[in-house]
Amino acid sequence: MSSKPRLLECLLAQPMAQRLAALAVLTGAERAELRHHWELWARPEQLPPQDDWRIWLVMAGRGFGKTRLGAEWVRRVAADNPDARIALVGASLGDARAVMVEGESGILACSPPRRRPRFEPSLRRLVWPNGAQATLYSAGEPESLRGPQHSHAWCDEIAKWDNAAQRAEQGWNNLLLGMRLGENPQALATTTPRAVPLLMQLLDQEDVTITRGRTQDNLSNLPARFLKDMRRSFGRSALARQELDGELLTDIEGALWTRAMIEAAREACAGAEPVRTVIGVDPPASAAGDACGIIVAQLGDDGVARILADATVQRASPEKWARAVAEAAAKWRADRVVAEANQGGAMVESVLRAACVTLPIRLVHASVGKAARAEPVAALYETGRVRHVGAFPALEDQLCGLVAGGAYQGPGRSPDRADAAVWALTELMLSTRAPPRVLDL
Numbered sequence: 006m007s008s009k010p011r012l013l014e015c016l017l018a019q020p021m022a023q024r025l026a027a028l029a030v031l032t033g034a035e036r037a038e039l040r041h042h043w044e045l046w047a048r049p050e051q052l053p054p055q056d057d058w059r060i061w062l063v064m065a066g067r068g069f070g071k072t073r074l075g076a077e078w079v080r081r082v083a084a085d086n087p088d089a090r091i092a093l094v095g096a097s098l099g100d101a102r103a104v105m106v107e108g109e110s111g112i113l114a115c116s117p118p119r120r121r122p123r124f125e126p127s128l129r130r131l132v133w134p135n136g137a138q139a140t141l142y143s144a145g146e147p148e149s150l151r152g153p154q155h156s157h158a159w160c161d162e163i164a165k166w167d168n169a170a171q172r173a174e175q176g177w178n179n180l181l182l183g184m185r186l187g188e189n190p191q192a193l194a195t196t197t198p199r200a201v202p203l204l205m206q207l208l209d210q211e212d213v214t215i216t217r218g219r220t221q222d223n224l225s226n227l228p229a230r231f232l233k234d235m236r237r238s239f240g241r242s243a244l245a246r247q248e249l250d251g252e253l254l255t256d257i258e259g260a261l262w263t264r265a266m267i268e269a270a271r272e273a274c275a276g277a278e279p280v281r282t283v284i285g286v287d288p289p290a291s292a293a294g295d296a297c298g299i300i301v302a303q304l305g306d307d308g309v310a311r312i313l314a315d316a317t318v319q320r321a322s323p324e325k326w327a328r329a330v331a332e333a334a335a336k337w338r339a340d341r342v343v344a345e346a347n348q349g350g351a352m353v354e355s356v357l358r359a360a361c362v363t364l365p366i367r368l369v370h371a372s373v374g375k376a377a378r379a380e381p382v383a384a385l386y387e388t389g390r391v392r393h394v395g396a397f398p399a400l401e402d403q404l405c406g407l408v409a410g411g412a413y414q415g416p417g418r419s420p421d422r423a424d425a426a427v428w429a430l431t432e433l434m435l436s437t438r439a440p441p442r443v444l445d446l
């Protein structure tokens with residue numbers, strides 16, 4: 006037996022400081038070879054479980070090292086199994102290629118030159134020198150996973166997969182039904198947590214091995230100021246708990262919106278011709294206080310309203326938030342601004358006009374509480390008449406914090422983004438000015 010495995014095993018048994026000291030005496034060629042031994046550099050939680058696992062779920066905050074973990078696992082599978090047929094499933098084919106294959110921590114970047122796979126973009130395929138293969142798939146096209154067989158799979162950001170019409174679950178189920186090659190088929194799923202049906206399903210399964218982690222677990226490989234800046238910006242908000250701490254946020258009892266409702270409303274792009282576009286504005290009480298909620302919503306010719314953008318600005322002067330409204334109106338070609346006038350009265354319109362907002366402005370006055378006026382809008386979500394084109398984490402956290410008949414329980418002091426969205430959607434769908442919905446018979 007070669008002494009190299011024993012030397013590597015001895016090196017791995019040493020603390021990191023001693024490993025680095027030992028590496029310092031090696032030649033450049035020797036160090037270049039060792040830099041591709043993932044076991045030398047990985048944290049324990051980045052290595053596969055020791056038991057005989059079938060599904061490994063890694064749920065952690067951003068910057069934890071999930072992509073590197075997945076790429077290195079695939080590389081090891083390919084090296085050890087010349088007959089391996091691996092599925093690489095991203096939220097889209099673009100994500101699979103840009104992150105999983107060609108990303109800074111992707112498969113190509115992690116592979117040593119002599120053992121790097123050949124990428125064949127037209128075939129969506131990686132081929133290793135020993136014959137192992139990996140094929141790219143889009144979770145947004147679940148039928149593409151019906152039929153192909155695999156021995157292994159890496160599924161990235163499964164909480165980001167398209168949840169409309171249960172596409173995420175369909176894609177996952179089709180993948181598992183095709184995991185029938187080799188003696189021990191295995192699937193790795195890496196993701197930032199979000200309370201979507203597929204992730205909740207996996208968390209409840211007994212045959213899923215779960216690894217959890219936070220951004221700060223990987224501080225030695227992140228820019229020195231990254232986590233500090235993120236904490237300063239987001240504090241202990243729901244967004245920070247989810248995206249940095251890897252915490253799965255569940256629903257608040259009595260909330261008007263649930264995470265499942267919002268995920269069911271999500272779509273990748275607007276699927277209808279625009280009829281009206283409105284900017285909802287919730288002005289702050291003062292420049293040093295809450296944010297100015299600015300939400301862009303559009304009514305399509307299919308009778309469905311869509312949230313297109315969140316242009317909210319933080320701690321802004323009246324002039325600054327008015328400019329932000331003007332820019333959003335110009336960018337999205339809005340035909341009306343709907344702004345709450347409880348804070349500032351007629352001054353709100355004056356500030357907007359000074360910022361060159363020339364389209365019609367409707368000032369609205371809140372006569373009931375935030376949750377009460379949000380209830381009819383929440384009902385629109387329940388009946389499938391509102392969509393989110395993309396993801397709006399800060400807005401969605403606030404919507405999920407509005408409790409029927411109760412106080413706001415979401416992040417921050419005030420649901421400024423949610424308020425702006427409610428005003429915009431009310432104008433589009435519940436106002437007497439809203440055009441009638443046309444149905445094809």
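Quick note: to get this note's numbering, add 5 to the position in the sequence shown (first position is 1).
Virtual Cβ for every residue (Gly too), placed ideally from N, Cα, C.
{"query": "Inter-residue spacing [alpha-carbon to alpha-carbon] between VAL369 and GLU345", "result": "5 Å"}
{"query": "Buried/exposed call for GLN175, threshold 16 Cβ in 10 Å", "result": "buried"}
{"query": "Complete alpha helix (DSSP H) runs within the segment 59-115 (minimum length 4 residues, chain order)", "result": "71-85, 112-115"}
{"query": "PRO279 - DSSP class collapsed to helix/strand/coil", "result": "strand"}
{"query": "Assigned secondary structure, SER7 (DSSP; H/G/I helix, E/B strand, else coil)", "result": "Any reading at SER7 must be qualified, since the residue scores a pLDDT of 37, below 50, and its modelled position is unreliable; no value is offered."}
{"query": "Reference ASP286; option with closest CA among ARG264, VAL30, ARG367", "result": "The sequence given here places Val at residue 286; Asp does not occur at that position. Looking at the Cα atoms, ARG367 is the closest of the given residues."}
{"query": "Close-in-space but distant-in-sequence residues of the same chain around VAL94 (CB under 6 Å, 5 per side omitted)", "result": "TYR142, ALA144, CYS160"}
{"query": "Integer-rounded CB distance, given that ALA275 should sit under 8 Å from VAL301", "result": "Incorrect: roughly 11 Å between the Cβ atoms, too far for contact."}
{"query": "Nearest-angstrom beta carbon gap, ALA194 and GLN207 [assumed within contact, 8 Å]", "result": "Looking at the sequence shown, residue 207 is not Gln but Leu. That belief holds up - the Cβ atoms of LEU207 and ALA194 are roughly 7 Å apart, short of 8 Å."}
{"query": "Supposed contact pair ILE299 and ALA333 - C-beta distance, whole angstroms, cut 8 Å", "result": "6 Å"}
{"query": "Under the three-state DSSP convention, the category SER143 falls into", "result": "strand"}
{"query": "Selected residue, minimal CA-CA separation from ARG172, among LEU128, GLY108, ARG151, LEU186", "result": "ARG151"}
{"query": "Three-state secondary structure (DSSP) of GLN154", "result": "coil"}
{"query": "Proximity to ALA335 [Cα-Cα], best of ILE284, ALA170, GLU38", "result": "ILE284"}
{"query": "Beta-carbon proximity list for CYS405, same chain, < 6 Å, skipping 5 on both sides", "result": "ALA260, TRP262"}
{"query": "Three-state class that DSSP yields for ASN347 in the structure shown", "result": "coil"}
{"query": "VAL427: first and last residue of the uninterrupted alpha helix (DSSP H) it sits in", "result": "421-430"}
{"query": "Stretch-stretch touch, CB-based, cutoff 8 Å, three pairs: the segment 208-215 with the segment 59-78", "result": "yes"}
{"query": "GLU401 (DSSP reduced to helix, strand or coil)", "result": "helix"}
{"query": "Exposed unless 16 or more other CB atoms sit within 10 angstroms - verdict on ARG328", "result": "buried"}
{"query": "Residue environment, LEU433, which counts as buried when at least 16 other CB atoms sit within 10 Å", "result": "buried"}
{"query": "Span separating the alpha-carbon of VAL356 from that of GLU324", "result": "7 Å"}
{"query": "For GLU387 and ALA200, the rounded distance between their alpha carbons", "result": "17 Å"}
{"query": "Cross-strand partners of GLN138 (DSSP beta bridge)", "result": "ARG90, VAL132"}
{"query": "Inter-residue spacing [alpha-carbon to alpha-carbon] between ALA270 and HIS393", "result": "6 Å"}
{"query": "Whole runs of the alpha helix (DSSP H) within the segment 163-245, excluding any shorter than 4 residues", "result": "172-182, 202-209, 231-239"}
{"query": "Residue burial classification, GLY66 (beta-carbon count within 10 angstroms, cutoff 16)", "result": "buried"}
{"query": "Opening and closing residue of the beta strand (DSSP E) in which ARG36 lies", "result": "That residue, ARG36, is in no beta strand (DSSP E); its alpha helix (DSSP H) goes 33-39."}
{"query": "Residue interval of the alpha helix (DSSP H) (run including LEU357)", "result": "352-359"}
{"query": "Buried versus exposed, by CB contacts within 10 Å (16 or more), ALA26", "result": "exposed"}
{"query": "Residues near ALA18 in its chain [Cβ-Cβ closer than 6 Å; skip 5 each side]", "result": "none"}
{"query": "Short Cβ contact (8 Å threshold) for ALA137 with ALA96", "result": "no"}
{"query": "Closest residue to PRO117 among ASN223, PRO153, GLU148, HIS41 (Cα-Cα distance)", "result": "HIS41"}
{"query": "Classification of CYS115 by the beta-carbon crowding that lies within 10 angstroms, buried from 16 upward", "result": "buried"}
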